[in-house]
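> Sharing a structure here in structure tokens format.
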Amino acid sequence: MIDLLGYGASFAVLITFTMHSMKALRCVAILSNILFMLYGYLDTVYPVLVLHAILFPVNIVRLFELRNLQNRLVRVVSLASRDNSPGSAGIAQTIGNT
Numbered sequence: 229m230i231d232l233l234g235y236g237a238s239f240a241v242l243i244t245f246t247m248h249s250m251k252a253l254r255c256v257a258i259l260s261n262i263l264f265m266l267y268g269y270l271d272t273v274y275p276v277l278v279l280h281a282i283l284f285p286v287n288i289v290r291l292f293e294l295r296n297l298q299n300r301l302v303r304v305v306s307l308a309s310r311d312n313s314p315g316s317a318g319i320a321q322t323i324g325n326t
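Residue numbers (the numbering used here): 229 to 326.
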């Protein structure tokens, strides 16, 4: 049973390498951190437990930073689309496509 947990955690890490979205990558990385922490605790593999206990809050913080960046980007696009100066539509369109 414990080995299945380790394999599941390893598979989650493998999946992160196929992700195109940073949000999805961070969510799966958080899942893998939780699974590896459980595996490290149950199988008394403390280096694995410590590593993923450190990586877990790092992934949480990065996920919140990504959310904040997306929110700021939405505000910038909204402000740029309301601007009537020449070239502002191009800026809003460029920012909206990123």
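A virtual CB, placed ideally from N, CA and C, is assigned to each residue, including glycine.
Keep in mind the model is a prediction, meaning the values are calculated, not measured.
Flag this pair as yes or no: are the beta carbons of R254 and N287 separated by less than 8 angstroms?
Yes.
> Using a threshold of 8 angstroms, state whether the C-beta atoms of L233 and L266 are closer than that.
For L233 and L266, yes; Cβs fall inside 8 angstroms.
> For T326, which three-state DSSP category applies?
Bear in mind that the predicted position of T326 carries a pLDDT of just 49, short of 50, making it too unreliable to give a figure here.
> Can you find the residues in the same chain that come closer than 7 angstroms, C-beta to C-beta, to T272, ignoring five residues on each side of it along the sequence?
Closer than 7 angstroms at the Cβ level, and outside the excluded window around T272, lies no residue.
> Pull up the CB-CB distance for S260 and V289, whole angstroms please, since I reckon it's below 8 angstroms.
Between V289 and S260 the Cβ distance is about 16 angstroms, and since that is not below 8 angstroms, they are no contact.
> For the candidate residues R295, M229, V278 and E293, whose alpha-carbon lies nearest to that of I262?
The shortest C-alpha separation from I262 is found at V278.
> How many Å lie between T326 and H280 at the Cα?
Summary for T326: the model assigns pLDDT 49, below 50, so the residue's position carries little reliability, and this model does not support an answer.
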